[in-house]
Amino acid sequence: MSRYLVTSALPYANGPIHFGHVAGAYLPADVYVRCMRMRGHDVLYVCGGDEHGAAITIGAEKEGIGYAEYVARWRAEIKHTFDCFGIEFDIWSGTSICPQHTELSQEFFRRLDQNGFLIKQTTEQLYCENDSMFLPDRYVLGTCPNCEHRPARGDECPNCGSWLEPLKLKEPSCKTCGGSPIVRETTHWYLDLPKLRDEHIGEWFASKTWKTNVQAFVTQMLEELRSRPITRDLKWGVPVPPEIADGQEDKVLYVWFDAPIGYVSMTAELTAKRGEPDAWKGWWQSPDTRLVHFVGKDNIPFHALVFPAMLYGVRQDYVLPWAVPANEFYNLQGSKFSTSESRTIPVDAFFGKYDPEAARFHLIASMPENSDSEFRWEEFQTTVNASLAGTIGNLVTRVLRFIDKHFEGRIPALSEALVPELDRAILEECGEISDPGASIEAYRFRRASEELVANAAVANVFVDRLAPWALRKTDPDRAAAVLTTLCDYLALVARWMVPFMPGKAQAIWEMLGQKGSVAESGWPELPTANSWRSLSPGQELGEVEGLFTRIDDESVAQEIAALEEGATES
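No gaps in the numbering here: position 536 of the sequence shown is 1115 in our numbering, and each next residue is one more.
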(Lines of atoms letter the chains of each structure in order from A and count residues from 1; the text may use other names and numbers.)
(Lines give C-alpha, C1' and ligand atoms only; values in the text may rest on other atoms or scores of the structure.)
Protein backbone atom coordinates (compact mmCIF):
# COMPACT_ATOMS: atom_id res chain seq x y z
CA MET A 1 0.00 0.00 0.00
CA SER A 2 1.25 3.47 -0.90
CA ARG A 3 0.26 6.91 0.28
CA TYR A 4 -1.10 9.30 -2.35
CA LEU A 5 -1.60 13.03 -1.83
CA VAL A 6 -3.85 14.18 -4.68
CA THR A 7 -4.62 17.77 -5.61
CA SER A 8 -6.60 19.49 -8.33
CA ALA A 9 -5.68 23.00 -9.43
CA LEU A 10 -7.40 25.46 -7.11
CA PRO A 11 -10.22 27.01 -9.21
CA TYR A 12 -10.05 30.79 -9.31
CA ALA A 13 -12.97 32.27 -7.34
CA ASN A 14 -13.80 34.86 -9.97
CA GLY A 15 -16.59 33.19 -11.88
CA PRO A 16 -18.31 29.88 -12.63
CA ILE A 17 -16.51 26.80 -13.83
CA HIS A 18 -17.76 24.82 -16.82
CA PHE A 19 -17.58 21.29 -18.19
CA GLY A 20 -14.16 22.03 -19.66
CA HIS A 21 -12.70 22.75 -16.24
CA VAL A 22 -14.37 19.66 -14.78
CA ALA A 23 -12.99 17.37 -17.49
CA GLY A 24 -9.54 18.92 -17.25
CA ALA A 25 -8.57 18.74 -13.59
CA TYR A 26 -11.34 17.66 -11.22
CA LEU A 27 -13.19 14.67 -12.60
CA PRO A 28 -10.00 12.75 -13.49
CA ALA A 29 -8.73 13.31 -9.95
CA ASP A 30 -12.01 12.10 -8.45
CA VAL A 31 -11.94 8.95 -10.60
CA TYR A 32 -8.30 8.34 -9.66
CA VAL A 33 -8.90 8.83 -5.94
CA ARG A 34 -11.90 6.48 -5.85
CA CYS A 35 -9.99 3.80 -7.74
CA MET A 36 -6.80 4.06 -5.68
CA ARG A 37 -8.78 3.80 -2.44
CA MET A 38 -10.50 0.66 -3.67
CA ARG A 39 -7.08 -0.74 -4.59
CA GLY A 40 -6.04 -0.39 -0.95
CA HIS A 41 -4.00 2.82 -0.96
CA ASP A 42 -4.07 5.62 1.62
CA VAL A 43 -5.31 8.67 -0.31
CA LEU A 44 -5.97 12.31 0.56
CA TYR A 45 -7.70 14.62 -1.94
CA VAL A 46 -7.23 18.36 -1.34
CA CYS A 47 -8.81 21.32 -3.12
CA GLY A 48 -10.34 24.74 -2.52
CA GLY A 49 -10.75 28.20 -3.97
CA ASP A 50 -7.86 30.31 -5.25
CA GLU A 51 -9.07 33.57 -3.74
CA HIS A 52 -6.50 36.33 -4.03
CA GLY A 53 -5.22 38.36 -6.94
CA ALA A 54 -6.03 41.27 -9.18
CA ALA A 55 -8.86 39.68 -11.15
CA ILE A 56 -10.83 39.19 -7.93
CA THR A 57 -10.36 42.79 -6.83
CA ILE A 58 -11.48 43.97 -10.27
CA GLY A 59 -14.57 41.79 -10.19
CA ALA A 60 -15.56 42.74 -6.64
CA GLU A 61 -15.02 46.45 -7.24
CA LYS A 62 -17.07 46.28 -10.42
CA GLU A 63 -19.98 44.80 -8.44
CA GLY A 64 -19.45 47.15 -5.51
CA ILE A 65 -19.09 44.40 -2.90
CA GLY A 66 -16.32 43.35 -0.52
CA TYR A 67 -13.60 40.97 -1.66
CA ALA A 68 -14.44 38.35 0.99
CA GLU A 69 -18.12 38.40 0.05
CA TYR A 70 -17.24 38.14 -3.63
CA VAL A 71 -15.01 35.07 -3.30
CA ALA A 72 -17.42 33.40 -0.86
CA ARG A 73 -20.15 33.56 -3.46
CA TRP A 74 -18.01 32.05 -6.19
CA ARG A 75 -16.52 29.47 -3.82
CA ALA A 76 -20.05 28.22 -3.13
CA GLU A 77 -21.04 28.35 -6.80
CA ILE A 78 -17.98 26.34 -7.85
CA LYS A 79 -18.57 23.76 -5.11
CA HIS A 80 -22.17 23.42 -6.30
CA THR A 81 -20.91 22.42 -9.75
CA PHE A 82 -18.60 19.82 -8.22
CA ASP A 83 -21.51 18.48 -6.17
CA CYS A 84 -23.59 18.10 -9.33
CA PHE A 85 -20.87 15.90 -10.82
CA GLY A 86 -20.44 13.90 -7.62
CA ILE A 87 -16.86 15.10 -7.15
CA GLU A 88 -15.83 14.68 -3.52
CA PHE A 89 -12.82 16.15 -1.68
CA ASP A 90 -11.41 15.31 1.72
CA ILE A 91 -11.31 19.06 2.23
CA TRP A 92 -12.77 21.92 0.24
CA SER A 93 -11.56 25.27 1.55
CA GLY A 94 -10.21 28.55 0.19
CA THR A 95 -6.99 30.51 0.42
CA SER A 96 -8.78 33.49 2.00
CA ILE A 97 -10.52 31.44 4.73
CA CYS A 98 -8.01 28.68 5.54
CA PRO A 99 -6.71 29.51 9.06
CA GLN A 100 -3.21 28.22 8.31
CA HIS A 101 -2.75 29.81 4.91
CA THR A 102 -1.28 33.22 5.72
CA GLU A 103 1.23 31.78 8.19
CA LEU A 104 2.40 29.00 5.87
CA SER A 105 2.63 31.29 2.84
CA GLN A 106 4.72 33.80 4.76
CA GLU A 107 6.89 30.95 6.07
CA PHE A 108 7.58 29.84 2.49
CA PHE A 109 8.57 33.43 1.67
CA ARG A 110 10.89 33.68 4.70
CA ARG A 111 12.67 30.41 4.04
CA LEU A 112 13.14 31.06 0.35
CA ASP A 113 14.63 34.42 1.30
CA GLN A 114 16.90 32.91 3.99
CA ASN A 115 18.09 30.23 1.55
CA GLY A 116 19.07 32.77 -1.08
CA PHE A 117 16.32 32.09 -3.62
CA LEU A 118 14.63 35.50 -3.53
CA ILE A 119 15.83 38.64 -5.26
CA LYS A 120 14.68 42.09 -4.09
CA GLN A 121 14.88 44.74 -6.71
CA THR A 122 13.45 48.09 -7.70
CA THR A 123 11.92 48.17 -11.13
CA GLU A 124 9.66 50.30 -13.23
CA GLN A 125 5.95 49.57 -13.23
CA LEU A 126 2.89 51.10 -14.77
CA TYR A 127 1.04 53.51 -12.48
CA CYS A 128 -2.46 54.89 -12.99
CA GLU A 129 -2.68 58.52 -11.87
CA ASN A 130 -6.47 58.49 -12.13
CA ASP A 131 -6.79 55.59 -9.66
CA SER A 132 -3.64 56.48 -7.64
CA MET A 133 -2.27 52.95 -7.76
CA PHE A 134 0.41 50.77 -9.30
CA LEU A 135 -1.28 48.48 -11.79
CA PRO A 136 -0.97 44.74 -11.20
CA ASP A 137 -0.52 42.91 -14.47
CA ARG A 138 -4.21 42.00 -14.83
CA TYR A 139 -5.16 45.65 -14.45
CA VAL A 140 -3.28 46.35 -17.70
CA LEU A 141 -4.58 45.72 -21.22
CA GLY A 142 -2.70 46.22 -24.44
CA THR A 143 -1.43 44.68 -27.65
CA CYS A 144 0.68 41.53 -27.44
CA PRO A 145 4.24 42.25 -28.63
CA ASN A 146 4.54 38.71 -30.00
CA CYS A 147 1.37 38.14 -32.02
CA GLU A 148 -0.25 41.62 -32.08
CA HIS A 149 -3.41 40.28 -30.43
CA ARG A 150 -5.54 42.84 -28.59
CA PRO A 151 -6.54 42.86 -25.87
CA ALA A 152 -3.73 40.96 -24.17
CA ARG A 153 -3.39 41.05 -20.39
CA GLY A 154 -0.32 42.27 -18.60
CA ASP A 155 0.60 38.73 -17.57
CA GLU A 156 -0.47 36.59 -20.52
CA CYS A 157 -1.68 36.71 -24.10
CA PRO A 158 -4.92 34.70 -24.53
CA ASN A 159 -4.14 34.21 -28.20
CA CYS A 160 -0.56 32.89 -28.30
CA GLY A 161 -0.22 31.91 -24.65
CA SER A 162 2.98 33.89 -24.07
CA TRP A 163 3.93 34.99 -20.56
CA LEU A 164 4.06 38.77 -20.71
CA GLU A 165 5.12 41.76 -18.66
CA PRO A 166 2.96 44.89 -18.56
CA LEU A 167 5.78 47.17 -19.71
CA LYS A 168 6.21 45.15 -22.88
CA LEU A 169 2.60 45.55 -23.98
CA LYS A 170 2.04 47.96 -26.81
CA GLU A 171 -0.39 50.82 -26.13
CA PRO A 172 -1.12 49.82 -22.52
CA SER A 173 -4.24 51.05 -20.77
CA CYS A 174 -5.70 50.79 -17.28
CA LYS A 175 -8.46 48.17 -17.16
CA THR A 176 -10.32 50.10 -14.47
CA CYS A 177 -10.55 53.59 -15.97
CA GLY A 178 -9.25 53.09 -19.52
CA GLY A 179 -6.61 55.77 -19.11
CA SER A 180 -2.99 55.62 -20.18
CA PRO A 181 -0.69 54.77 -17.25
CA ILE A 182 2.71 56.27 -16.60
CA VAL A 183 5.90 54.51 -15.52
CA ARG A 184 7.11 54.72 -11.91
CA GLU A 185 9.63 52.86 -9.77
CA THR A 186 8.49 50.24 -7.23
CA THR A 187 10.20 47.50 -5.23
CA HIS A 188 9.33 43.80 -5.47
CA TRP A 189 10.70 40.35 -4.68
CA TYR A 190 11.43 37.76 -7.36
CA LEU A 191 11.80 33.99 -7.17
CA ASP A 192 15.21 33.05 -8.58
CA LEU A 193 14.01 30.22 -10.80
CA PRO A 194 17.29 29.95 -12.79
CA LYS A 195 19.21 29.35 -9.55
CA LEU A 196 16.69 26.76 -8.40
CA ARG A 197 16.83 25.09 -11.80
CA ASP A 198 20.62 24.87 -11.78
CA GLU A 199 20.84 23.69 -8.19
CA HIS A 200 18.30 20.88 -8.35
CA ILE A 201 15.03 21.32 -10.26
CA GLY A 202 16.51 20.89 -13.74
CA GLU A 203 18.09 17.57 -12.83
CA TRP A 204 14.98 16.48 -10.93
CA PHE A 205 12.70 17.19 -13.88
CA ALA A 206 15.06 15.39 -16.27
CA SER A 207 14.54 12.23 -14.20
CA LYS A 208 10.78 12.25 -14.86
CA THR A 209 8.96 10.36 -17.59
CA TRP A 210 5.66 12.20 -17.53
CA LYS A 211 3.04 12.72 -20.21
CA THR A 212 4.43 14.02 -23.48
CA ASN A 213 2.53 17.30 -23.30
CA VAL A 214 4.00 18.04 -19.85
CA GLN A 215 7.54 17.03 -20.82
CA ALA A 216 7.53 19.21 -23.92
CA PHE A 217 6.05 22.25 -22.19
CA VAL A 218 8.44 22.26 -19.24
CA THR A 219 11.55 21.34 -21.24
CA GLN A 220 11.10 24.48 -23.32
CA MET A 221 10.43 26.59 -20.23
CA LEU A 222 13.60 25.40 -18.51
CA GLU A 223 15.68 26.71 -21.40
CA GLU A 224 14.09 30.18 -21.26
CA LEU A 225 13.69 30.45 -17.49
CA ARG A 226 13.83 33.84 -15.78
CA SER A 227 13.28 35.10 -12.26
CA ARG A 228 9.59 35.66 -11.63
CA PRO A 229 8.02 38.35 -9.41
CA ILE A 230 6.24 37.00 -6.34
CA THR A 231 4.86 40.24 -4.83
CA ARG A 232 2.35 42.80 -6.04
CA ASP A 233 1.08 46.27 -5.16
CA LEU A 234 -2.41 45.21 -4.21
CA LYS A 235 -4.91 45.55 -1.38
CA TRP A 236 -6.12 41.93 -1.28
CA GLY A 237 -3.81 39.02 -0.53
CA VAL A 238 -1.28 37.56 1.89
CA PRO A 239 0.97 40.38 3.20
CA VAL A 240 4.73 40.17 2.78
CA PRO A 241 6.17 39.10 6.18
CA PRO A 242 6.43 42.36 8.16
CA GLU A 243 10.03 41.77 9.31
CA ILE A 244 11.10 41.46 5.67
CA ALA A 245 8.89 44.17 4.15
CA ASP A 246 11.27 46.96 5.29
CA GLY A 247 9.06 49.88 4.36
CA GLN A 248 7.13 47.91 1.74
CA GLU A 249 4.21 46.90 3.94
CA ASP A 250 1.72 47.60 1.15
CA LYS A 251 2.97 44.56 -0.79
CA VAL A 252 1.13 41.24 -0.93
CA LEU A 253 2.22 37.87 -2.26
CA TYR A 254 1.42 37.42 -5.91
CA VAL A 255 -1.49 35.00 -6.29
CA TRP A 256 0.46 32.44 -8.33
CA PHE A 257 2.91 32.16 -5.42
CA ASP A 258 0.43 31.75 -2.57
CA ALA A 259 -2.16 29.63 -4.42
CA PRO A 260 -0.25 26.30 -4.61
CA ILE A 261 0.82 26.73 -0.98
CA GLY A 262 -2.91 26.36 -0.42
CA TYR A 263 -2.52 22.62 -0.95
CA VAL A 264 -0.25 22.53 2.10
CA SER A 265 -2.29 24.91 4.26
CA MET A 266 -5.56 23.15 3.46
CA THR A 267 -4.02 19.81 4.38
CA ALA A 268 -3.00 21.41 7.68
CA GLU A 269 -6.53 22.74 8.10
CA LEU A 270 -7.92 19.26 7.58
CA THR A 271 -5.60 17.52 10.03
CA ALA A 272 -6.23 20.25 12.61
CA LYS A 273 -9.98 19.64 12.30
CA ARG A 274 -9.27 15.96 12.90
CA GLY A 275 -7.45 16.83 16.12
CA GLU A 276 -3.94 16.24 14.71
CA PRO A 277 -2.52 19.70 13.96
CA ASP A 278 0.93 18.41 12.95
CA ALA A 279 -0.23 15.39 10.97
CA TRP A 280 -0.06 17.37 7.70
CA LYS A 281 3.71 17.00 7.83
CA GLY A 282 3.30 13.25 7.48
CA TRP A 283 1.74 13.89 4.10
CA TRP A 284 3.97 16.69 2.84
CA GLN A 285 7.34 15.87 4.38
CA SER A 286 7.36 12.08 4.27
CA PRO A 287 9.40 10.32 1.56
CA ASP A 288 6.73 7.62 1.12
CA THR A 289 4.12 10.17 -0.09
CA ARG A 290 3.34 10.27 -3.81
CA LEU A 291 2.19 13.80 -4.68
CA VAL A 292 -0.06 13.87 -7.76
CA HIS A 293 -1.23 17.18 -9.25
CA PHE A 294 -4.22 17.04 -11.63
CA VAL A 295 -4.25 20.21 -13.72
CA GLY A 296 -5.29 21.63 -17.05
CA LYS A 297 -2.89 22.69 -19.76
CA ASP A 298 -2.61 26.28 -18.55
CA ASN A 299 -1.41 25.18 -15.12
CA ILE A 300 1.45 22.95 -16.27
CA PRO A 301 4.23 25.53 -15.65
CA PHE A 302 3.23 26.17 -12.05
CA HIS A 303 2.78 22.54 -11.01
CA ALA A 304 5.55 20.87 -12.97
CA LEU A 305 8.21 23.55 -12.45
CA VAL A 306 7.46 26.59 -10.27
CA PHE A 307 5.78 24.93 -7.27
CA PRO A 308 8.35 22.10 -7.18
CA ALA A 309 11.05 24.80 -7.12
CA MET A 310 9.31 26.47 -4.18
CA LEU A 311 8.95 23.16 -2.32
CA TYR A 312 12.62 22.40 -2.81
CA GLY A 313 13.77 25.94 -2.05
CA VAL A 314 12.37 26.07 1.49
CA ARG A 315 14.58 23.07 2.38
CA GLN A 316 12.15 21.44 4.76
CA ASP A 317 12.08 18.03 3.09
CA TYR A 318 8.84 18.65 1.23
CA VAL A 319 8.01 15.93 -1.29
CA LEU A 320 8.17 16.98 -4.93
CA PRO A 321 5.47 15.93 -7.39
CA TRP A 322 5.43 12.26 -8.26
CA ALA A 323 3.22 12.95 -11.28
CA VAL A 324 1.51 15.88 -13.02
CA PRO A 325 -1.05 14.22 -15.35
CA ALA A 326 -2.13 17.41 -17.09
CA ASN A 327 -4.93 17.40 -19.63
CA GLU A 328 -5.33 19.57 -22.71
CA PHE A 329 -8.33 21.81 -23.41
CA TYR A 330 -11.93 20.54 -23.49
CA ASN A 331 -14.12 22.47 -25.89
CA LEU A 332 -17.82 22.67 -26.74
CA GLN A 333 -19.48 21.73 -30.01
CA GLY A 334 -16.68 22.92 -32.30
CA SER A 335 -15.31 25.90 -30.35
CA LYS A 336 -14.16 26.97 -26.90
CA PHE A 337 -16.33 27.13 -23.80
CA SER A 338 -17.01 30.80 -23.05
CA THR A 339 -19.39 31.87 -20.32
CA SER A 340 -19.04 35.51 -21.38
CA GLU A 341 -20.20 34.62 -24.90
CA SER A 342 -22.90 32.20 -23.69
CA ARG A 343 -21.10 29.25 -25.24
CA THR A 344 -21.52 27.00 -22.24
CA ILE A 345 -23.82 24.42 -20.69
CA PRO A 346 -25.79 25.91 -17.77
CA VAL A 347 -25.22 23.49 -14.91
CA ASP A 348 -28.61 23.59 -13.18
CA ALA A 349 -30.56 23.43 -16.43
CA PHE A 350 -28.46 20.50 -17.65
CA PHE A 351 -28.79 18.44 -14.49
CA GLY A 352 -32.49 19.17 -14.35
CA LYS A 353 -32.83 17.13 -17.54
CA TYR A 354 -29.91 14.71 -17.74
CA ASP A 355 -28.38 12.08 -15.52
CA PRO A 356 -25.35 13.45 -13.60
CA GLU A 357 -23.56 10.12 -13.67
CA ALA A 358 -24.15 9.71 -17.38
CA ALA A 359 -22.52 13.13 -17.77
CA ARG A 360 -19.63 12.02 -15.54
CA PHE A 361 -19.08 8.98 -17.70
CA HIS A 362 -19.25 10.89 -20.97
CA LEU A 363 -16.71 13.47 -19.82
CA ILE A 364 -14.38 10.64 -18.81
CA ALA A 365 -14.91 8.90 -22.15
CA SER A 366 -14.15 12.11 -24.08
CA MET A 367 -11.46 13.53 -21.79
CA PRO A 368 -8.69 15.66 -23.41
CA GLU A 369 -5.81 13.49 -22.21
CA ASN A 370 -3.24 14.00 -24.97
CA SER A 371 -4.88 16.53 -27.26
CA ASP A 372 -7.83 18.90 -27.21
CA SER A 373 -11.23 17.23 -27.28
CA GLU A 374 -14.79 18.44 -26.97
CA PHE A 375 -18.29 17.90 -25.68
CA ARG A 376 -20.68 17.28 -28.55
CA TRP A 377 -24.37 16.71 -27.90
CA GLU A 378 -24.59 13.96 -30.53
CA GLU A 379 -21.72 12.08 -28.91
CA PHE A 380 -23.23 12.49 -25.46
CA GLN A 381 -26.42 10.94 -26.84
CA THR A 382 -24.44 8.00 -28.28
CA THR A 383 -22.64 7.43 -25.00
CA VAL A 384 -25.89 7.38 -23.04
CA ASN A 385 -27.96 5.35 -25.51
CA ALA A 386 -25.37 2.83 -26.66
CA SER A 387 -22.70 2.43 -23.99
CA LEU A 388 -24.76 3.09 -20.86
CA ALA A 389 -28.42 2.26 -21.55
CA GLY A 390 -27.74 -0.22 -24.34
CA THR A 391 -24.81 -2.13 -22.88
CA ILE A 392 -24.68 -1.72 -19.09
CA GLY A 393 -28.27 -0.80 -18.23
CA ASN A 394 -29.79 -3.38 -20.55
CA LEU A 395 -27.57 -6.11 -19.11
CA VAL A 396 -28.63 -5.35 -15.55
CA THR A 397 -32.37 -5.17 -16.15
CA ARG A 398 -32.68 -8.11 -18.55
CA VAL A 399 -30.91 -10.43 -16.09
CA LEU A 400 -32.34 -9.25 -12.81
CA ARG A 401 -35.92 -8.74 -14.00
CA PHE A 402 -35.89 -12.25 -15.43
CA ILE A 403 -34.74 -13.62 -12.07
CA ASP A 404 -37.30 -11.47 -10.28
CA LYS A 405 -40.08 -12.88 -12.42
CA HIS A 406 -39.09 -16.54 -12.75
CA PHE A 407 -36.90 -17.33 -9.72
CA GLU A 408 -38.85 -15.63 -6.94
CA GLY A 409 -36.49 -12.66 -6.85
CA ARG A 410 -33.58 -14.69 -5.50
CA ILE A 411 -30.18 -15.55 -6.95
CA PRO A 412 -30.77 -19.07 -8.34
CA ALA A 413 -29.07 -22.25 -7.19
CA LEU A 414 -25.74 -23.11 -8.77
CA SER A 415 -24.91 -26.62 -9.90
CA GLU A 416 -21.22 -27.14 -9.11
CA ALA A 417 -20.89 -29.54 -12.01
CA LEU A 418 -21.63 -26.68 -14.42
CA VAL A 419 -19.17 -24.18 -12.93
CA PRO A 420 -16.07 -25.12 -15.02
CA GLU A 421 -18.05 -24.93 -18.26
CA LEU A 422 -19.70 -21.61 -17.42
CA ASP A 423 -16.47 -20.11 -16.09
CA ARG A 424 -14.76 -20.95 -19.35
CA ALA A 425 -17.62 -19.57 -21.40
CA ILE A 426 -17.89 -16.15 -19.71
CA LEU A 427 -14.20 -15.66 -18.88
CA GLU A 428 -12.62 -16.94 -22.08
CA GLU A 429 -15.08 -17.25 -24.93
CA CYS A 430 -17.25 -14.12 -24.93
CA GLY A 431 -14.65 -11.40 -25.27
CA GLU A 432 -11.58 -9.97 -23.59
CA ILE A 433 -11.89 -8.86 -19.96
CA SER A 434 -9.57 -6.01 -18.91
CA ASP A 435 -8.76 -4.25 -15.65
CA PRO A 436 -9.96 -0.63 -15.87
CA GLY A 437 -8.11 0.11 -12.62
CA ALA A 438 -4.74 -0.45 -14.25
CA SER A 439 -5.60 2.12 -16.92
CA ILE A 440 -6.85 4.60 -14.32
CA GLU A 441 -3.64 4.19 -12.34
CA ALA A 442 -1.74 5.01 -15.55
CA TYR A 443 -3.96 8.11 -16.11
CA ARG A 444 -5.55 6.54 -19.19
CA PHE A 445 -9.11 7.41 -18.29
CA ARG A 446 -10.62 7.16 -21.76
CA ARG A 447 -9.22 3.68 -22.17
CA ALA A 448 -10.53 2.73 -18.72
CA SER A 449 -14.04 3.84 -19.72
CA GLU A 450 -13.83 1.74 -22.88
CA GLU A 451 -12.69 -1.26 -20.84
CA LEU A 452 -15.63 -0.92 -18.46
CA VAL A 453 -18.13 -0.97 -21.33
CA ALA A 454 -16.28 -3.83 -23.06
CA ASN A 455 -16.34 -5.85 -19.84
CA ALA A 456 -20.11 -5.38 -19.58
CA ALA A 457 -20.46 -6.37 -23.25
CA VAL A 458 -18.84 -9.73 -22.42
CA ALA A 459 -21.80 -10.58 -20.21
CA ASN A 460 -24.23 -9.51 -22.93
CA VAL A 461 -22.56 -11.93 -25.35
CA PHE A 462 -22.71 -14.65 -22.70
CA VAL A 463 -26.42 -14.18 -22.00
CA ASP A 464 -27.25 -14.08 -25.72
CA ARG A 465 -25.32 -17.30 -26.39
CA LEU A 466 -26.73 -19.28 -23.50
CA ALA A 467 -30.27 -17.84 -23.65
CA PRO A 468 -31.47 -18.64 -20.13
CA TRP A 469 -35.05 -17.76 -21.11
CA ALA A 470 -35.02 -20.77 -23.46
CA LEU A 471 -33.07 -23.03 -21.08
CA ARG A 472 -35.63 -22.42 -18.34
CA LYS A 473 -38.06 -24.61 -20.26
CA THR A 474 -35.65 -27.34 -21.36
CA ASP A 475 -32.89 -27.39 -18.70
CA PRO A 476 -33.87 -25.36 -15.62
CA ASP A 477 -30.72 -26.28 -13.64
CA ARG A 478 -28.51 -24.93 -16.44
CA ALA A 479 -30.68 -21.81 -16.74
CA ALA A 480 -30.29 -21.20 -13.00
CA ALA A 481 -26.51 -21.64 -13.19
CA VAL A 482 -26.27 -19.25 -16.13
CA LEU A 483 -28.23 -16.59 -14.25
CA THR A 484 -26.17 -17.04 -11.08
CA THR A 485 -23.02 -16.68 -13.16
CA LEU A 486 -24.41 -13.46 -14.57
CA CYS A 487 -25.20 -12.14 -11.08
CA ASP A 488 -21.64 -12.85 -9.99
CA TYR A 489 -20.38 -11.03 -13.06
CA LEU A 490 -22.68 -8.07 -12.41
CA ALA A 491 -21.09 -7.78 -8.97
CA LEU A 492 -17.74 -7.37 -10.74
CA VAL A 493 -19.21 -4.76 -13.09
CA ALA A 494 -20.59 -2.83 -10.11
CA ARG A 495 -17.17 -2.74 -8.46
CA TRP A 496 -15.44 -1.70 -11.68
CA MET A 497 -18.04 1.06 -12.09
CA VAL A 498 -17.38 2.80 -8.77
CA PRO A 499 -14.79 5.36 -9.98
CA PHE A 500 -16.87 6.23 -13.04
CA MET A 501 -20.44 6.20 -11.72
CA PRO A 502 -20.43 5.61 -7.97
CA GLY A 503 -24.18 6.03 -7.56
CA LYS A 504 -25.05 3.59 -10.37
CA ALA A 505 -22.49 1.12 -9.01
CA GLN A 506 -24.19 1.24 -5.61
CA ALA A 507 -27.60 0.81 -7.25
CA ILE A 508 -26.47 -2.39 -9.00
CA TRP A 509 -24.90 -3.62 -5.76
CA GLU A 510 -28.18 -3.16 -3.91
CA MET A 511 -30.22 -4.73 -6.73
CA LEU A 512 -28.03 -7.80 -6.25
CA GLY A 513 -29.11 -7.82 -2.62
CA GLN A 514 -25.72 -6.81 -1.27
CA LYS A 515 -25.34 -4.82 1.94
CA GLY A 516 -23.04 -1.91 2.72
CA SER A 517 -21.02 0.20 0.32
CA VAL A 518 -19.78 -1.27 -2.94
CA ALA A 519 -16.85 1.17 -2.76
CA GLU A 520 -15.71 -0.57 0.42
CA SER A 521 -15.76 -4.01 -1.20
CA GLY A 522 -12.30 -3.45 -2.68
CA TRP A 523 -11.08 -3.46 -6.25
CA PRO A 524 -11.62 -6.85 -7.94
CA GLU A 525 -8.78 -8.85 -9.39
CA LEU A 526 -9.24 -9.97 -12.98
CA PRO A 527 -11.48 -13.03 -12.75
CA THR A 528 -9.97 -16.48 -13.22
CA ALA A 529 -11.65 -19.88 -13.10
CA ASN A 530 -12.79 -21.00 -9.63
CA SER A 531 -11.70 -17.76 -7.94
CA TRP A 532 -14.05 -14.98 -8.89
CA ARG A 533 -17.56 -15.77 -7.68
CA SER A 534 -18.69 -13.85 -4.61
CA LEU A 535 -22.48 -14.07 -4.27
CA SER A 536 -24.59 -16.56 -2.35
CA PRO A 537 -27.33 -18.51 -4.16
CA GLY A 538 -30.62 -17.87 -2.50
CA GLN A 539 -29.78 -14.24 -1.76
CA GLU A 540 -32.85 -12.08 -2.19
CA LEU A 541 -32.51 -9.34 -4.79
CA GLY A 542 -33.25 -5.72 -4.08
CA GLU A 543 -35.74 -3.68 -6.08
CA VAL A 544 -34.80 -3.83 -9.76
CA GLU A 545 -35.00 -0.51 -11.55
CA GLY A 546 -33.78 0.95 -14.83
CA LEU A 547 -30.40 2.67 -14.64
CA PHE A 548 -30.33 5.03 -17.60
CA THR A 549 -32.82 7.06 -19.66
CA ARG A 550 -32.16 7.29 -23.38
CA ILE A 551 -31.86 10.70 -25.06
CA ASP A 552 -33.97 11.27 -28.18
CA ASP A 553 -32.94 13.07 -31.37
CA GLU A 554 -35.33 15.95 -30.78
CA SER A 555 -33.71 16.80 -27.42
CA VAL A 556 -30.26 16.85 -28.99
CA ALA A 557 -31.43 19.10 -31.83
CA GLN A 558 -33.01 21.49 -29.32
CA GLU A 559 -29.82 21.66 -27.23
CA ILE A 560 -27.66 22.43 -30.26
CA ALA A 561 -30.08 25.10 -31.45
CA ALA A 562 -30.22 26.69 -27.99
CA LEU A 563 -26.44 26.74 -27.80
CA GLU A 564 -26.06 28.44 -31.15
CA GLU A 565 -28.87 30.89 -30.41
CA GLY A 566 -27.32 31.88 -27.07
CA ALA A 567 -23.90 32.41 -28.63
CA THR A 568 -25.42 34.51 -31.43
CA GLU A 569 -27.39 36.72 -29.05
CA SER A 570 -24.37 37.40 -26.83
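Cβ atoms here follow ideal geometry from the backbone N, Cα and C, with glycine treated the same way.
(request) Just tell me which of 1045, 1073, 1108, 1081 has its CA closest to the CA of residue 1091. (result) 1073
(message) Please identify the residue among 1004, 1069, 1105, 1081 whose C-alpha is closest to the C-alpha of residue 664.
(response) 1081
(message) Once DSSP output is grouped into helix, strand and coil, what is the label at residue 1034?
(response) helix
(request) Indicate whether residue 773 and residue 760 have their beta-carbon atoms separated by less than 8 Å. (result) no
(message) Could you tell me the alpha carbon to alpha carbon distance between residue 683 and residue 674, rounded to whole angstroms?
(response) 11 Å
(message) So, does the stretch 598–614 touch the stretch 776–792, judging by three or more C-beta pairs under 8 Å?
(response) no
(request) Leaving out five residues on either side along the sequence, give the residues of the same chain with a beta carbon under 7 Å from the beta carbon of residue 1013. (result) 1030, 1033, 1034
(request) For the alpha helix (DSSP H) holding residue 810, just list the boundary residues, first then last. (result) Element bounds for residue 810: not the alpha helix (DSSP H) but the beta strand (DSSP E), 810–812.
(message) Three or more C-beta pairs under 8 Å: does that hold for the stretch 967–977 against the stretch 987–997?
(response) no
(message) In this structure, how does DSSP classify residue 1041 when only helix, strand and coil are distinguished?
(response) helix
(message) In the DSSP assignment, the alpha helix (DSSP H) including residue 1016 goes from what residue to what residue?
(response) 1015–1020
(request) Return yes when the Cβ of residue 859 is within less than 8 Å of the Cβ of residue 1187, no when it is not. (result) With the chain represented from 580 up to 1149, any question about residue 1187 goes unanswered, as that position is not in the structure.
(message) Taking a contact to mean a Cβ-Cβ separation below 8 Å, would you say residue 909 touches residue 959 in this structure?
(response) no
(request) Could you please give me the residues that DSSP links to residue 1137 through a beta bridge? (result) In DSSP, residue 1137 forms no bridge with anything.
(request) Return the first residue and the last residue of the beta strand (DSSP E) that residue 753 is part of. (result) 749–753
(request) May I ask you to report which of helix, strand or coil DSSP gives residue 1122? (result) coil
(request) Flag this pair as touching only if the stretch 615–625 and the stretch 940–952 have three or more C-beta atom pairs under 8 Å; answer yes or no. (result) no
(request) With DSSP collapsed to three states, give me the class of residue 992. (result) coil
(request) Using 10 angstroms around the beta-carbon of residue 789, count the other beta-carbons present and answer buried if the total reaches 16, otherwise exposed. (result) buried
(message) If distances are taken between C-alpha atoms only, which option among 983, 857, 1060 comes closest to residue 1004?
(response) 1060
(request) Taking 8 Å as the cut-off, decide whether the C-beta atoms of residue 1010 and residue 1127 are in contact. (result) no
(request) Give the secondary structure of residue 950 by DSSP, where H, G and I count as helix, E and B as strand, and everything else as coil. (result) coil
(request) Determine the direct distance from the alpha carbon of residue 887 to that of residue 617, and round the result to whole angstroms. (result) 29 Å
(message) Going by DSSP, what residue range makes up the alpha helix (DSSP H) through residue 626?
(response) Not the alpha helix (DSSP H): residue 626 falls in the beta strand (DSSP E), residues 621–628.
(request) Within its chain, find whatever has a CB closer than 6 Å to the CB of residue 1112; leave out the 5 residues flanking it on each side and keep chain order. (result) 1067
(request) Reducing DSSP to helix, strand and coil, say where residue 1149 ends up. (result) At residue 1149 the pLDDT is 42, less than 50, meaning the model places this residue with poor confidence and gives no usable figure here.
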